[in-house]
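Structure first, commentary second.
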Amino acid sequence: MDGTNESIPENAVWVADSGVFIACGRQQRNKYTALEQFAQRNEITFVIPRRVYEELGGAPDRSTPGQTPVNSAISNEWVTVADELDYTNPTVSSVMDDVRSFIARESNRSEDNIEKADTALGGVAAHLLDSENTSAICVLTTDDDAGNGVVTAIEAHGFDGQITFKDGFELISEIT
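Residue numbers (full-length UniProt numbering): 1 to 176.
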């Protein structure tokens, strides 16, 4: 895979967090363009949880007129929004709870203060591994606690060796 850590399987589904897109800046910025080119070159479609989409959908008016960067990425087919999470799926809900607990412990915060988008990363990963017959996930986030929490929770639910965490800042640095 071009410009990434070799430990990420070629067939991995990339689940991305809002911090990656925020770190890239507006569409006209080099980092955003580099991320788009990376996705296209490697035939990756970043999957974002609905909560992440909601976070990114409120982009400021100084974005490209008439369209937020995330909507442009969706239109250009290098980003897609995950289906609504099924909280009745015990794997999904349990992984999300475990991610929230992990982040709270690592960041010394109350579980009530953990962003729902961070737990949604784990929920999407769990859904893809449990229901979609996906064999490998790469969670891409700029939040180390969230990334490590998703990996820990997913592996604790029997998906050992099927998930990798890639730091979003590192990826942006590698591709720009």
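Built from N, CA and C at the ideal position, the CB exists for glycine as well.
Contact the region 66 to 82 vs the region 102 to 118: 3+ CB pairs below 8 Å: By the criterion of at least three beta-carbon pairs nearer than 8 Å, the region 66 to 82 is not in contact with the region 102 to 118.
Quick one: what's got a C-beta closer than 7 Å to residue 156's C-beta in the same chain, skipping five residues either side? The residue labelled residue 156 in the question sits at position 156 within the sequence shown. Taking residue 156 as the centre and dropping the five residues before and after it, the same chain places the C-beta of 98 closer than 7 Å to its C-beta, in chain order.
Candidates 111, 34, 16: which alpha carbon is nearest residue 175's? Mapped onto the sequence shown, residue 175 falls at position 175. The residue with the shortest Cα to Cα distance from residue 175 is 34.
Where do the N-terminal and C-terminal ends of the alpha helix (DSSP H) with residue 39 fall, by residue? As a working mapping, residue 39 is identified with position 39 in the sequence shown. Its alpha helix (DSSP H) spans residues 30 to 41.
Among 19, 10, 11, which residue has its Cα nearest to the Cα of residue 170? On the sequence shown, residue 170 is found 170 positions in, with the first residue counted as 1. Answer by Cα proximity: 19.
Measure the C-alpha to C-alpha separation of residue 127 and residue 91 and round it to an integer number of angstroms. Working through the sequence shown from its first residue, we reach residue 127 at position 127. Working through the sequence shown from its first residue, we reach residue 91 at position 91. Rounded to the nearest angstrom, the two C-alpha atoms are 8 Å apart.
Given this structure, state the Cα-to-Cα distance separating residue 167 from residue 140, to the nearest angstrom. Here residue 167 corresponds to residue number 167 of the sequence shown, with the count starting at 1. Here residue 140 corresponds to residue number 140 of the sequence shown, with the count starting at 1. Computed Cα separation, rounded: 6 Å.
Out of 42, 77, 24, 146, which has the shortest C-alpha to C-alpha gap to residue 111? Taking the sequence shown and counting its residues from 1, the one referred to as residue 111 is at position 111. Nearest C-alpha to residue 111: 146.
What separation, rounded to the nearest whole angstrom, lies between the Cα atoms of residue 17 and residue 158? Mapped onto the sequence shown, residue 17 falls at position 17. Mapped onto the sequence shown, residue 158 falls at position 158. Each residue's Cα considered, the two are about 23 Å apart.
First and last residue of the alpha helix (DSSP H) that includes residue 152? Position 152 of the sequence shown, counting from 1, holds the residue named residue 152. Here the alpha helix (DSSP H) through residue 152 covers 144 to 156.
Option in 106, 54, 160, 84 with minimal Cα separation from residue 22: Within the sequence shown, residue 22 is the residue found at index 22, counting from 1. Among 106, 54, 160, 84, the Cα nearest to that of residue 22 is on 54.
Where residue 122 falls, given that 16 or more other Cβ within 10 Å makes a residue buried: Residue mapping note: residue 122 aligns to position 122 of the sequence shown, counting from 1. By the neighbour-count rule (16 or more Cβ atoms within 10 Å), residue 122 is buried.
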